[in-house]
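One structure is given below, encoded as structure tokens.
Number of protein chains: 2
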Amino acid sequence: MIPKPTDAELEILHVLWKYGSATVRAVNEEQNKRAGGDEIGYTTTLKFMQIMADKGLLTRDESQRSHVYSAAVREGDVQSAFVSKLLSSVFHGSAMNLVLQALGTSKPSTSELQQIRALLDEEINNNQR
Amino acid sequence: MIPKPTDAELEILHVLWKYGSATVRAVNEEQNKRAGGDEIGYTTTLKFMQIMADKGLLTRDESQRSHVYSAAVREGDVQSAFVSKLLSSVFHGSAMNLVLQALGTSKPSTSELQQIRALLDEEINNNQR
DNA sequence: AACTTTCTACGAACTGTTTCGTAATATTGT
DNA sequence: ACAATATTACGAAACAGTTCGTAGAAAGTT
């Protein structure tokens, strides 16, 4: 089972999922480019990436002086872990309620709704067989 | 904006949503009836309910010696807050991806899928107009 | 009235998360 | 070679969440 990342860890994972691999410096600069509020200190980013490597969320290549990190977990797996947690802790395990809430909360466009519908049809067909 | 409840607070809210209102004693007993692992101490439940009343998550009637608490937030609003947070922190704001992940993670039955599809069709029709 | 039980309030310990300062070491520029 | 800069590692402070022990007041029992 993969460890569920914290908020700060998720930010770092997003950068690494986007770029594939990166140094602490590059990740920290990307974070601060996005950041609205306070700047995130370099050593803060460093510390998290070290912790995450310990936890198994990241791998790193130490052959260069500036270590190069990569995500060790897939984005889909992390999303799945969060969805499972949310389902059990907030939705009594009902995926249907979650889906309805997601649709209600975020008003997707008609074309997105149709895409979801298409996926749903496929799913139903698979079940039938 | 309603404060996002923590895990322990959520457990208490579930009990109060179910029963409408309850004393600390009743909530604590319900929690321990469900609990798999360690018992939750009475004062632990009490402390949380006091904190939650301060935060505005609960209201309480102090006219009796045993104070009677009720949820001050609707379950749907709390679900919506969690979905919003999850969307922005894990799904880049894409409700569609969240829906797909929810369907993939939890394998709903065919009849549930059909219910969701019906809702979706309604939504699409509303948009068209 | 004295004893026991139940309740609230408060404080404090413990854990996990976030943040950064400082020290030690390596690299680069003059 | 020396100074300036960049990088890692470590430790610790600050904050939030969770858990409970103890004290004191109120109610119930004998």
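Going line by line, the protein sequences match chains A and B.
The letter at position 106 of the first sequence is residue 106 when you use my numbering, and the numbering goes up by one with no holes.
The letter at position 19 of the second sequence is residue 1019 when you use my numbering, and the numbering goes up by one with no holes.
Heads up, the beta-carbon is just placed ideally off N, CA and C, and yes, glycines get one too.
In this text, all values refer to a predicted model and were calculated from it rather than measured experimentally.
The Cβ atoms of TYR69 (chain A) and LEU87 (chain A) lie no closer than 9 Å to each other.
Apart from the 5 residues on each side of it in sequence, PHE1082 (chain B) sits with its Cβ closer than 8 Å to the Cβ of LYS1004 in its chain, given in chain order. For the stretch 106-127 of chain A, the beta-carbon criterion of a distance under 9 Å to any beta-carbon of chain B is satisfied by SER106, LYS107, PRO108, SER109, THR110, GLU112, LEU113, GLN114, GLN115, ILE116, ARG117, LEU119, LEU120, ASP121, GLU123, ILE124, ASN127.
Between PHE91 (chain A) and GLN101 (chain A), the gap from beta carbon to beta carbon is short of 9 Å. Taking a cut-off of 8 Å on C-beta distances, the stretch 103-117 of chain A does not touch the stretch 48-62 of chain A, as fewer than three cross pairs fall below it. At a cut-off of 9 Å, the C-beta of MET1096 (chain B) has a neighbouring C-beta in chain A. Contact of LEU1100 (chain B) with chain A is assigned, a C-beta pair being separated by under 9 Å. For the C-beta of GLN79 (chain A), the chain B residues within less than 7 Å are, from N- to C-terminus, VAL1090, PHE1091, GLN1101. Contacts with chain B at 9 Å (Cβ-Cβ) include GLY76 (chain A).
Nearest to VAL1073 (chain B) by C-alpha distance, out of B:VAL1099, B:LYS1055, B:SER1066, is B:LYS1055. Residues of chain B with a Cβ closer than 7 Å to the Cβ of PHE82 (chain A) are, in chain order, LEU1086, VAL1090. The C-beta distance from ALA1008 (chain B) to VAL1015 (chain B) rounds to 12 Å, too long to fall under 8 Å, and the pair is not in contact. The beta carbon of GLY1104 (chain B) falls within 9 Å of a beta carbon belonging to chain A, placing the residue at that interface.
Within chain A, SER89, VAL90 have C-beta atoms less than 8 Å from the C-beta of LEU1010 (chain B), given in sequence order. Take ASP1077 (chain B), set aside five residues on each side of it, and the residues of its chain with a beta-carbon closer than 7 Å to its own are ILE1002, in chain order.
Our two residues, ALA53 (chain A) and TRP17 (chain A), have alpha carbons roughly 15 Å apart in a direct line. Rounded to the nearest whole angstrom, the CA to CA distance from ASN1126 (chain B) to THR110 (chain A) is 9 Å. Against chain B, the beta carbon of ASP7 (chain A) has neighbours under 8 Å at SER1089, listed in chain order.
The Cβ neighbour count for THR45 (chain A), taken over all protein chains shown within 10 Å, is at least 16; the residue is labelled buried. The beta-carbon separation of MET1096 (chain B) and ILE124 (chain A), rounded to 18 Å, does not stay under the 8 Å limit for a contact.
The residues GLU11, VAL15, ILE40, THR45, in chain order, have a CB closer than 7 Å to that of GLN31 (chain A) in the same chain once the five nearest residues on each side in sequence are set aside. Residues THR23, VAL24, ARG60, ASP61 of the same chain have their beta carbon placed closer than 8 Å to that of HIS67 (chain A), with the five preceding and five following residues left out of the count. Residue ranges of uninterrupted alpha helix (DSSP H) with 4 or more members, entirely inside the stretch 61-116 of chain A and ordered along the chain, are 75-90, 95-106. LEU120 (chain A) is a Cβ neighbour of LEU1113 (chain B), given a cutoff of 9 Å. The residue from B:GLY1037, B:TYR1019, B:GLY1020, B:SER1094 with its alpha-carbon nearest to that of LYS107 (chain A) is B:SER1094. Annotation: LYS1033 (chain B) to ALA1026 (chain B) spans about 11 Å, alpha carbon to alpha carbon. The three-state reading of DSSP puts LEU1010 (chain B) in helix, counting H, G and I together.
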